[in-house]
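S.K.: Residue numbers (numbering that gives the first Met the number 0), protein chains in the order written: chain A, 0 to 602; chain B, 0 to 190.
Input: one structure, supplied below.
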Amino acid sequence: MAKPRKTSPRTPSSPQAAKPEIMSGAAVVLRALKDQGVEVVFGYPGGAVLPIYDEIFKQNAIRHILVRHEQAAVHAAEGYARSTGKVGCVLVTSGPGATNAVTGLTDALMDSIPIVCLTGQVATHLIGNDAFQEADTTGITRPCTKHNYLVKDAEKLAEVMHEAFYVARSGRPGPVVVDLPKDIQFADCPYTNAKDQEPKSYRPQVKGDDSAIEKAVELIAKAKRPVFYGGGGLINAGPKASKLFGELVRKTGYPATLTLMGLGAYPASDKQFLGMLGMHGTYEANLAMHDCDVMICIGARFDDRVTGSLAGFSPKSKKIHVDIDPSSINKNVVVDVPIVGDAATVLEQMLAVWKAKSYKPDEKAIASWWRQIDGWRSRKCLAFKPGSKEIKPQQAIQRLFEKTRDMDCYITTEVGQHQMWAAQYFGFDEPNRWMTSGGLGTMGYGFPSAMGVQIAHPDALVVDISGEASFMMNMQELSTMRQYNLPVKAFIINNQWMGMVRQWQELIHGKRYSESYSEALPDFVKLAEAFGGVGLRATKASELDDVIDEMIASPHPVIADILVTKEENCFPMIPSGRAHNEMILSPSDQEQQTITDKGMALV
Amino acid sequence: MISTNQPSARHTIAVLVANEPGVLARVIGLFSGRGYNIESLTVSEVDEVNARSRITIVTSGTPMVIEQIKAQLARLVPIYDVHDLTMEGPHVGREMALVKIRNAGEKRIEALRIADTFRARAIDSTLESFVFELTGDTGKIDAFIDLMISLGEVEVSRTGVVAIARGEHVQMPLVRKAKSTRRKTKKAAED
Ligand SMILES: Cc1ncc(C[n+]2csc(CCOP(=O)(O)OP(=O)(O)O)c2C)c(N)n1
Ligand SMILES: [Mg+2]
């Protein structure tokens with residue numbers, strides 16, 4: 000591991016500024032947030048953070064959004080972060096406030112979303128005493144944060160606050176918890192604006208190794224059956240990374256596929272785009288991955304949803320892997336050219352080499368590769384028959400896409416079939432427009448996340464493509480939306496099943512549908528009304544367009560309850576334990592499918 | 000963890016960390032959370048000025064797993080440096096053991112004789128027992144303990160491995176820190 004990092008520790012950055020100002024810990028927290036450019040904090044008060052709430056009361060620079068559950072605060076901050084590229088900020092109380100935030104933190108860790116979550120803590124002298132609303136927050140959140148801090152020393156508070164933001168946004172972004180004992184919030188603390196405070200031990204490598212990049216570009220230039228495979232890292236590296244990725248893809252003329260987290264990094268409407276890859280990816284994307292001779296992976300992590308069976312994964316290819324996190328490289332799949340660095344920087348380096356060496360793709364080979372891909376494309380793996388009476392779930396999403404195409408629109412999702420259909424049928428041409436829980440697969444993510452997106456983009460259309468089961472995991476946020484006039488739209492693909500669970504039970508468990516039926520559903524229209532929003536319903540195909548139009552036009556939070564065909568399955572699908580070239584394309588394929596014992600044990 | 004057909008090997012890894020609360024929990028949590036194996040782990044402060052500690056971990060795994068362990072360690076925020084002593088060249092690794100043996104008669108004499116060949120010192124004795132102090136590599140200590148077990152009732156306390164690269168040239172920053180601290184502690188001792 001030749002990693003020339005972390006070698007030159009600097010002396011602790013002593014404040015150049017004259018004398019640090021002395022203020023209360025709570026005031027330091029607010030000042031640090033302000034100096035970090037934080038505009039909005041998603042939070043929920045409680046005893047252990049009252050001094051901070053008191054400071055919030057006294058100022059106007061930072062807006063506080065009062066959520067209805069701490070999990071939602073974190074998801075809202077994630078939506079805010081993912082749609083803006085900024086760090087999302089959360090404030091919760093000790094004990095239950097902190098534990099309620101854990102799912103959101105884990106979600107942000109898995110999807111590399113920059114979050115700073117401030118948690119209240121009992122006073123330092125009470126820590127360890129099972130005090131009222133005490134939880135070992137740093138202990139609980141250690142495995143679900145990128146890093147966490149317990150501030151026991153008032154002198155260090157300002158430094159820790161700034162360092163937390165640095166850690167959250169640098170390198171591979173992630174959630175950071177700062178646990179703040181109540182006595183520290185009251186204590187006199189020195190404040191210095193150490194805005195760009197780098198922790199001495201954390202210096203992620205941004206620039207890629209030149210010789211590795213030359214080797215990679217040569218491989219790319221000589222490829223005969225190449226494929227670009229981009230992921231969420233492209234989004235995290237900022238819009239510039241997506242732009243440069245597009246430039247390289249177009250310069251080479253090679254096909255490109257994206258992971259669930261990467262959607263939008265390359266325009267879905269472009270002819271070089273093969274669609275999403277992986278378990279519910281397109282036939283052409285997965286077969287191109289399987290048969291390619293050079294795979295160029297940028298900011299993706301060979302996740303099990305993407306690779307399918309590792310034994311059968313892209314057996315004939317040389318693999319290039321660009322990632323800012325060295326631990327993502329050679330984790331699941333051994334690659335030929337590993338490059339540690341920031342996606343945008345490395346892409347820039349790659350383009351420079353491509354130009355300097357005047358590389359030209361092998362046109363003949365590439366043309367024949369495209370002919371093969373076009374053959375796969377002609378299978379039209381995403382084709383479906385729109386219902387004339389019943390609404391097909393795919394049809395609902397496709398119509399939503401068509402009607403919002405030219406709008407300033409952001410999409411979030413929950414988890415399940417509707418999420419996969421959204422990924423398949425909603426085309427994203429830009430980064431930061433698509434917010435979904437990929438790594439953790441958290442039902443209840445989409446609705447609060449949409450709230451965070453709407454805060455960041457007040458005039459945009461923000462739609463949570465939801466399932467009826469997932470929606471009920473965080474629907475209390477309707478109340479928040481009402482309070483702040485956030486016109487978020489919940490577009491519920493209501494199949495009255497935990498559809499994805501039902502699909503797996505159908506496929507793997509002999510159609511024994513154990514506990515996967517959505518029983519006793521509320522009347523979603525009345526539910527919306529009860530919270531002061533607008534409720535709409537489409538029960539047949541003829542009503543679909545009108546409901547979508549009405550939803551889009553409404554200046555209020557809307558629940559659109561779209562009753563769809565109940566037992567539709569999500570295709571294509573690579574069954575667990577299978578390789579990319581063993582996809583199921585349709586229900587008739589499914590009948591012949593047997594899952595291996597090993598595959599059964601996989602999630 | 001992804002299983003591969005590659006053979007598993009033992010590695011000694013030296014890690015320079017910030018000496019702050021929770022850092023050991025982070026390292027141990029990483030190993031337990033990701034299913035890596037810890038054979039031994041030792042830690043002590045090596046730099047009082049900048050508050051840094053050196054952790055020596057002995058672990059085993061396939062080459063891919065060892066690479067993962069190092070990369071996962073390196074990305075922890077309070078970790079400054081990670082060195083795979085096993086990969087980077089010759090190194091020495093030692094541990095110390097305190098071995099108490101309770102026995103009598105002939106066996107007692109035999110225990111003393113064996114201790115002598117192993118250069119173990121008796122640092123406590125009663126009419127029915129000895130406590131031996133022994134340093135060496137893991138193999139030597141294992142061998143000594145095996146012999147003692149055949150001679151009586153045994154209780155053992157081992158430090159786990161501490162290790163350092165061989166050679167006179169002090170090149171790794173990790174070692175440089177340890178050296179400066181050594182100088183400092185010596186001075187402190189003189190005061
Ligand atoms: C918090 C949480 N609990 C359980 C699951 C497991 N799970 C995955 S999809 C799913 C069903 C989702 O149902 P619905 O929201 O109606 O979506 P559909 O699949 O029907 O589109 C469940 C229970 C999960 N992903 N997240
Ligand atoms: Mg459903």
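Note that the Cβ used here is the ideal one computed from N, Cα and C, for glycine as well.
Given the structure is predicted, the values throughout are model-derived calculations rather than measurements.
1. Which runs of the beta strand (DSSP E) at least 3 residues long sit entirely within the segment 21-89 of chain B? Give them in chain order.
2. If I measure Cβ to Cβ from A:Ala236 and keep anything under 7 Å in the same chain, skipping five residues before and after, which residues do I get?
3. Would you say A:His146 reaches chain D, if we count a Cβ-Cβ gap shorter than 8 Å as a contact?
4. Hey, does A:Lys330 have any beta-carbon neighbour from chain B nearer than 8 Å?
5. In terms of residues, what are the limits of the alpha helix (DSSP H) holding A:Gln120?
6. Would A:Ile410 and A:Val462 qualify as a contact pair, given that the criterion is a beta-carbon distance under 8 Å?
7. Three or more C-beta pairs under 8 Å: does that hold for the segment 364-375 of chain A against the segment 551-566 of chain A?
8. What is the rounded straight-line gap between the Cα of A:Ile604 and the Cα of A:Ser357?
9. Go ahead and label A:Glu429 buried or exposed: buried means 16 or more other beta carbons lie within 10 angstroms of its beta carbon, across all protein chains shown.
10. Tell me, please, whether the CB atom of B:Ile78 is closer than 8 Å to any CB atom in chain A?
11. Counting by C-beta, which residues lie closer than 7 Å to a heavy atom of ligand 2, in chain order?
12. Is there contact between the segment 184-200 of chain A and the segment 307-323 of chain A, where contact requires at least three CB pairs shorter than 8 Å?
13. Which of the three DSSP states, helix, strand or coil, is assigned to A:Leu218?
14. Along chain B, in chain order, which residues have C-beta atoms closer than 9 Å to that of A:Pro385?
15. Within 10 Å of its beta-carbon, does B:Thr116 have 16 or more other beta-carbons around it, so buried, or fewer, so exposed?
16. Could you compute how far the alpha carbon of A:Lys597 sits from the alpha carbon of A:Ile464?
17. Using a C-beta cutoff of 8 Å, does A:Ser12 count as contacting chain B?
18. When the Cα atoms are used, what is the spatial distance from A:Ala134 to A:Val91?
19. State yes or no: is the C-beta of A:Thr441 nearer than 7 Å to some heavy atom of ligand 1?
20. Check A:Met474 in the structure and name its three-state DSSP category.
21. Would you check if the distance between the CB atom of B:Ile100 and the CB atom of B:Met63 is smaller than 8 Å?
22. Starting from B:Ile122 and walking both ways along the beta strand (DSSP E), at which residues does that stretch end?
23. Return the residue from the list A:Cys116, A:Pro571 and A:Gly94 that minimises the CA-CA distance to A:Val86.
24. Please decide whether A:Tyr444 counts as near chain B, where near means a Cβ-Cβ distance under 8 Å.
25. Where A:Val546 and A:Arg536 are concerned, what is the direct C-alpha to C-alpha distance, given to the nearest angstrom?
26. I want to know whether the segment 411-418 of chain A touches the segment 243-252 of chain A - three or more CB-CB distances under 8 Å.
27. Run through the DSSP bridge pairs and tell me what A:Asn147 is partnered with.
28. Looking only at C-alpha atoms, which of B:Gly104, B:Arg112 and B:Leu97 sits nearest to B:Asp123?
29. Residues of chain B with CB closer than 8 Å to the CB of A:Val115, please, in chain order.
30. Does any CB atom of chain B fall closer than 8 Å to the CB of A:Tyr201?
31. Of the residues that make up the segment 14-32 of chain B, which ones have a beta carbon closer than 9 Å to any beta carbon in chain A?
32. Could you tell me if B:Gly166 is buried or exposed, where buried requires 16 or more neighbouring beta carbons within 10 angstroms of its beta carbon?
33. Measure the beta-carbon distance from A:Pro447 to A:Glu467 and round it to whole angstroms, keeping in mind my assumption that it falls under 8 Å.
34. At the level of alpha carbons, what is the spacing between B:Thr41 and B:Arg53?
35. Let's test the definition: count the other Cβ atoms within 10 Å of the Cβ of A:Arg62 and tell me whether it reaches 16, buried, or not, exposed.
36. Hey, does B:Ala70 have any beta-carbon neighbour from chain A nearer than 8 Å?
M.R.: A quick look at the data gives this:
1. Fully enclosed beta strand (DSSP E) runs of 3 or longer: 39-46, 51-60 and 78-83.
2. Translated into the one-based positions of the first sequence, residue 236 of chain A becomes position 237. The beta carbon of A:Ala236 is closer than 7 Å to those of Gly298, Asp341, Ala342 and Ala343 in its chain, skipping five residues each way along the sequence.
3. This model lacks chain D altogether; the protein chains it does include are A and B.
4. On the first sequence, residue 330 of chain A is found 331 positions in, with the first residue counted as 1. Under the Cβ distance rule, A:Lys330 counts among the residues neighbouring chain B, one pair being separated by less than 8 Å.
5. As a first step, residue 120 of chain A is located in the first sequence; it is residue number 121 there, counting from the start. Careful: A:Gln120 lies outside any alpha helix (DSSP H), inside the beta strand (DSSP E) at Ile114 to Gln120.
6. As a first step, residue 410 of chain A is located in the first sequence; it is residue number 411 there, counting from the start. As a first step, residue 462 of chain A is located in the first sequence; it is residue number 463 there, counting from the start. Contact check for A:Ile410 against A:Val462 passes: the beta carbons are separated by less than 8 Å.
7. Counting Cβ pairs under 8 Å, fewer than three are found: no touch.
8. The first residue shown for chain A is 0 and the last is 602, placing residue 604 of chain A beyond what the model contains.
9. Here the question's residue 429 of chain A lines up with position 430 in the first sequence. Exposed, by the Cβ-count rule.
10. For the purposes of this step, residue 78 of chain B is identified with residue 79 of the second sequence, where counting begins at 1. Judged by the 8 Å Cβ criterion, B:Ile78 is in contact with chain A.
11. Close to ligand 2, as judged by a C-beta nearer than 7 Å to any of its heavy atoms, are the residues A:Gly415, A:Gln416, A:His417, A:Gly466, A:Glu467, A:Ala468, A:Ile492, A:Asn493, A:Asn494, A:Gln495, A:Trp496, A:Met497, A:Gly498 and A:Ser517, in chain order.
12. No: fewer than three Cβ pairs fall under 8 Å.
13. By one-based count along the first sequence, residue 218 of chain A stands at place 219. In this structure, A:Leu218 counts as helix in the three-state DSSP scheme.
14. Within the first sequence, the letter at position 386 stands for residue 385 of chain A. By Cβ distance, chain B contributes nothing, its closest Cβ being about 42 Å from A:Pro385, past 9 Å.
15. For the purposes of this step, residue 116 of chain B is taken as residue 117 along the second sequence, with counting starting at 1. Exposed, because fewer than 16 other Cβ atoms sit within 10 Å of the Cβ of B:Thr116.
16. Reading the first sequence from its first residue, position 598 is the one you call residue 597 of chain A. Reading the first sequence from its first residue, position 465 is the one you call residue 464 of chain A. The straight-line gap from Cα to Cα measures roughly 33 Å.
17. Indexing the first sequence from 1 puts residue 12 of chain A at position 13. Reliability of the predicted coordinates at A:Ser12 is poor, the pLDDT of 47 falling under 50, and the value obtained from them is presented with this limitation in mind. The Cβ of A:Ser12 sits no closer than 8 Å to any Cβ of chain B.
18. By one-based count along the first sequence, residue 134 of chain A stands at place 135. By one-based count along the first sequence, residue 91 of chain A stands at place 92. Rounded to whole angstroms, A:Ala134 and A:Val91 show a C-alpha spacing of 13 Å.
19. Working through the first sequence from its first residue, we reach residue 441 of chain A at position 442. Yes, the beta carbon of A:Thr441 sits closer than 7 Å to at least one heavy atom of ligand 1.
20. Residue 474 of chain A sits at position 475 when you count from the first residue of the first sequence. Three-state result, A:Met474: coil.
21. Locating residue 100 of chain B in the second sequence gives position 101, counting from the first residue. Locating residue 63 of chain B in the second sequence gives position 64, counting from the first residue. Cβ distance not < 8 Å, so B:Ile100 and B:Met63 don't count as in contact.
22. The residue labelled residue 122 of chain B in the question sits at position 123 within the second sequence. Here the beta strand (DSSP E) through B:Ile122 covers Arg120 to Ser124.
23. Your numbering for residue 86 of chain A matches position 87 in the first sequence. Comparing Cα positions, the closest option is A:Cys116.
24. Residue numbering aside, residue 444 of chain A sits at position 445 when the first sequence is read from its first letter. Between A:Tyr444 and chain B, the shortest Cβ-Cβ separation is not below 8 Å.
25. The count along the first sequence starts at 1 and reaches residue 546 of chain A at position 547. The count along the first sequence starts at 1 and reaches residue 536 of chain A at position 537. Their backbone Cα atoms lie some 7 Å apart in a straight line.
26. Short answer: they don't touch.
27. Here residue 147 of chain A refers to the residue found at position 148 of the first sequence. Partner(s): A:Val176.
28. As a working mapping, residue 123 of chain B is identified with position 124 in the second sequence. Closest by alpha carbon: B:Leu97.
29. Locating residue 115 of chain A in the first sequence gives position 116, where the first residue counts as 1. The premise fails here: A:Val115 is roughly 14 Å from chain B at the closest Cβ pair, so nothing lies under 8 Å.
30. Counted from its first residue, the first sequence places residue 201 of chain A at position 202. At least one chain B Cβ lies under 8 Å of A:Tyr201.
31. Identification of residues in the segment 14-32 of chain B having a C-beta nearer than 9 Å to some C-beta of chain A yields Leu15, Val16, Ala17, Pro20, Gly21, Ala24, Arg25, Gly28, Leu29 and Gly32, given in sequence order.
32. Along the second sequence, one-based indexing puts residue 166 of chain B at 167. The Cβ neighbour count for B:Gly166, taken over all protein chains shown within 10 Å, is under 16; the residue is labelled exposed.
33. Sequence index remark: in the first sequence, residue 447 of chain A carries index 448 (1-based). Sequence index remark: in the first sequence, residue 467 of chain A carries index 468 (1-based). Not a contact, Cβ separation roughly 17 Å.
34. Locating residue 41 of chain B in the second sequence gives position 42, where the first residue counts as 1. Locating residue 53 of chain B in the second sequence gives position 54, where the first residue counts as 1. Roughly 8 Å separates the two Cα atoms.
35. Taking the first sequence and counting its residues from 1, one reaches residue 62 of chain A at position 63. Per the 10 Å Cβ criterion, exposed.
36. Within the second sequence, the letter at position 71 stands for residue 70 of chain B. Flagged as an interface residue toward chain A: B:Ala70, by a C-beta distance shorter than 8 Å.
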